[in-house]
Amino acid sequence: MKALRYCIIILFVFNSLFFVQAQATISPDNTNFQYSGRIDFANTKAPVLYYAGSSITTRFQGTSLKASFQDITGNNYIGFIIDGGEMIVKSGFSSNNASSQTIATGLANTTHDLIIVKRNGPTEGAIVFGGITLDNGKSLAAPPARPTRRIEIFGNSVSAGVNADNVNTNDDRTKTLDNGWNSYCNVLARKLNAEINNNGIPGIAVMTGTGYYPTSADVAYNKLSPFKGYYSNWDFSKYIPQLVILAYGVNDDGNNWVNSSNKETWKAKYKAILADLMDKYPAAHFVFLVPPMGEDRSRIEGFDIEIVKEVNNPRVHFYNFTTAPSPRGCHPAKAMHQAMADELYTYVNTLGIFESLAGIENLTAMNESVAVYPNPTNGNFSIELPPLFSGLNSELSILDLHGNSLYASTFYENPITIHATNQFSKGMYLLTIRTGNYSFIKKLILQ
């Protein structure tokens with residue numbers, strides 16, 4: 005009986021060991037992992053992710069999934085999206101070495117889509133990918149084809165998705181609510197069916213000695229690792245975007261760091277970043293913008309507009325958000341990121357950067373930008389534009405929701421009167437104004 009008990013114990017241990025060994029471990033250097041973002045592949049079996057929204061896409065077989073990561077600081081939350089479902093959020097990976105956690109069990113025994121996302125920005129440190137574990141005998145399948153459209157964002161905490169999972173308007177400042185996947189620029193990329201390099205760094209400003217991050221943008225924009233003391237240079241040939249968004253400014257405006265006395269120095273630093281990127285991306289378009297976060301943005305926006313005018317290049321633009329700003333001191337919440345992405349999607353559609361896009365989407369979500377005008381019997385109506393267009397030779401276009409031009413004119417006056425007798429029926433249209441290298445866009449409803 006005693007011998008039988010030992011045999012049972014030995015058999016149990018053997019079966020347990022066999023069960024552990026029977027799982028399939030997939031190394032990070034498997035060619036069916038598709039990486040997006042500025043990711044460090046110095047060790048291809050332990051790639052390092054620095055930036056929020058950086059992602060790993062693949063397809064896997066089987067009923068279960070485990071993932072292995074090292075979280076250098078222990079502050080990161082990592083997202084897992086299986087078959088387009090709700091993001092599964094995990095934290096608590098070891099800071100000393102790679103550790104594994106179960107992500108899902110009980111899945112259908114088929115092939116599943118998987119996206120892994122670094123949710124937090126560089127301020128929470130880097131994470132190191134150690135691979136995934138599947139059922140015995142299962143493997144990866146080829147991921148979806150990489151998008152041909154590519155965008156890149158240089159920005160701050162708003163771009164990095166700080167507070168982007170907050171369903172309220174308050175700024176909770178809780179790491180669990182930070183999510184680069186839901187930042188306006190990553191949402192924009194998905195709407196455009198584009199790949200994105202999101203280089204947002206919370207707290208960063210353009211010039212050294214300003215902002216709330218130890219490194220300034222004029223130092224960090226061309227780095228792979230953005231950590232002071234651990235810099236490594238980024239190889240720009242690895243990723244060539246068609247659209248670049250330059251979204252610095254909110255942190256430059258804090259504590260009156262940038263003002264009339266040093267604005268020319270600030271502009272020179274920003275212009276130098278732009279010039280280098282324009283040289284590296286000779287076919288890309290560049291859009292300056294300031295995220296609508298709390299503080300009065302007019303001063304920094306004015307400096308951006310001056311840069312665009314002085315550069316005077318048809319590839320360089322300024323965009324002014326019409327989305328109402330978040331409360332002072334508050335990072336935009338989830339709904340606001342969506343509204344910003346909707347607005348930018350519509351604007352990008354007017355620039356002709358990519359091949360023809362689908363019809364303008366989600367305009368009804370842009371409540372802050374709705375302009376309603378009476379449609380009198382003679383068909384004429386007036387539109388008042390932002391002051392920056394006053395006295396400038398500008399081009400106006402009115403388009404239908406498929407992007408077809410219905411009316412075009414040039415003007416100097418503000419407000420302007422549209423003389424379009426009986427041309428427009430009641431309904432929704434898209435109004436675009438271009439002057440020099442910057443644009444204004446809003447929704448127009450005639451009723």
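Here the sequence shown stands for residues 5 to 451, where the numbers follow this note's numbering.
C-beta atoms are modelled at their ideal positions from N, C-alpha and C, and glycine is treated no differently.
Nearest to residue i by CA position, among the options, is which residue?
| i | options | result |
| --- | --- | --- |
| Ala-146 | Ala-337, Ala-112, Ser-95 and Thr-35 | Thr-35 |
| Ala-279 | Asn-316, Gly-253 and Ser-103 | Asn-316 |
| Ala-193 | Ala-287, Leu-410 and Gln-342 | Gln-342 |
| Lys-142 | Gly-96, Thr-114 and Thr-152 | Thr-114 |
| Ile-304 | Met-340, Asn-266 and Pro-331 | Asn-266 |
| Phe-325 | Pro-151, Val-262 and Ala-251 | Ala-251 |
| Thr-327 | Ala-339, His-321 and Val-320 | Ala-339 |
| Leu-111 | Ala-50, Gly-165 and Phe-64 | Phe-64 |
| Leu-118 | Leu-410, Met-91, Pro-218 and Pro-296 | Met-91 |
| Gly-57 | His-116, Arg-153 and Pro-126 | Pro-126 |
| His-335 | Gly-233, Asn-226, Val-171 and Ile-155 | Val-171 |
| Thr-61 | Lys-94, Phe-158 and Ala-149 | Ala-149 |
| His-321 | Leu-355, Ser-264 and Lys-242 | Leu-355 |
| Glu-156 | Ile-402, Asn-140 and Phe-292 | Phe-292 |
Go through its chain and collect everything with a Cβ distance to residue i's Cβ below 6 Å, but skip five positions before and after it.
| i | result |
| --- | --- |
| Gly-215 | Gly-207, Ile-208, Ala-209 and Asn-255 |
| Phe-97 | Phe-73, Asp-75 and Ser-103 |
| Lys-273 | Val-210, Met-211 and Asp-222 |
| Thr-173 | Ala-337 |
| Phe-158 | Asn-203, Tyr-225 and Leu-250 |
On the DSSP letters alone, give me the boundaries of the beta strand (DSSP E) that residue i sits inside.
| i | result |
| --- | --- |
| Glu-268 | Careful: Glu-268 lies outside any beta strand (DSSP E), inside the alpha helix (DSSP H) at 267-284. |
| Val-320 | 320-323 |
| Thr-106 | 103-108 |
| Glu-199 | 198-202 |
| Asp-75 | 69-75 |
| Gly-135 | 131-138 |
| Tyr-39 | 38-40 |
| Val-248 | 247-250 |
| Thr-61 | 59-66 |
| Lys-227 | 227-229 |
Give every residue of the same chain whose Cβ lies closer than 7 Å to the Cβ of residue i, excluding the five residues on either side of it in the sequence, and list them in chain order.
| i | result |
| --- | --- |
| Lys-271 | Phe-307, Glu-310 and Ile-311 |
| Leu-228 | Arg-42, Asp-44, Ser-236, Asn-237 and Trp-238 |
| Leu-21 | Low local confidence applies: a pLDDT of 42 at Leu-21 is under 50, so the model's placement there is unreliable, and no value is given. |
| Thr-368 | Low per-residue confidence applies at Thr-368: pLDDT is 33, beneath 50, and the placement is therefore not dependable, though the value from the model is reported in the following sentence. Same-chain partners within the cutoff: there are none. |
I need the straight-line Cα distance from residue i to residue j, nearest angstrom please.
| i | j | result |
| --- | --- | --- |
| Thr-425 | Leu-400 | Bear in mind that the predicted position of Thr-425 carries a pLDDT of just 48, short of 50, making it too unreliable to give a figure here. |
| Asp-283 | Ile-107 | 43 Å |
| Pro-318 | Ala-168 | 33 Å |
| Gln-160 | Gly-204 | Here the sequence assigns Asn to residue 160, which means Gln is not the residue at that position. About 5 Å. |
| Thr-67 | Thr-29 | 14 Å |
| Ala-46 | Phe-133 | 13 Å |
| Tyr-55 | Ala-412 | 42 Å |
| Gln-27 | Asn-186 | 33 Å |
| Ile-357 | Arg-301 | 27 Å |
| Ile-136 | Glu-128 | 23 Å |
| Asp-257 | Ser-99 | 35 Å |
| Leu-181 | Pro-218 | 23 Å |
Answer with yes or no whether the minimum CB distance from residue i to chain B is below 8 Å.
| i | result |
| --- | --- |
| Asn-34 | Although the question refers to chain B, the structure presented lacks it and comprises just one protein chain. |
Could you name the residues of the same chain whose beta carbon sits closer than 8 Å to that of residue i, not counting the 5 residues immediately before and after it, in chain order?
| i | result |
| --- | --- |
| Ile-131 | Val-52, Leu-53, Phe-73, Gln-74, Asp-75, Ile-76, Asn-80, Ile-82, Phe-97 and Lys-122 |
| Thr-269 | Met-211 |
So residue i is in the alpha helix (DSSP H); what residue range does that whole segment cover?
| i | result |
| --- | --- |
| Arg-153 | From DSSP, Arg-153 is part of no alpha helix (DSSP H) but of the beta strand (DSSP E) over 153-158. |
| Phe-292 | No alpha helix (DSSP H) holds Phe-292; the beta strand (DSSP E) holding it covers 289-292. |
| Asp-117 | Unbroken run through Asp-117 is the beta strand (DSSP E), 114-122; no alpha helix (DSSP H). |
| Gln-342 | 338-355 |
| Arg-303 | 302-315 |
| Ala-221 | 221-224 |
Following a CB-centred definition, is residue i positioned closer than 7 Å to any heavy atom of the ligand ADP?
| i | result |
| --- | --- |
| Ile-157 | The ligand ADP is not part of the structure shown, which contains no ligands of any sort. |
- Message: Between the region 81-88 and the region 36-43, can you find at least three pairs of beta-carbon atoms closer than 8 Å?
- Response: no
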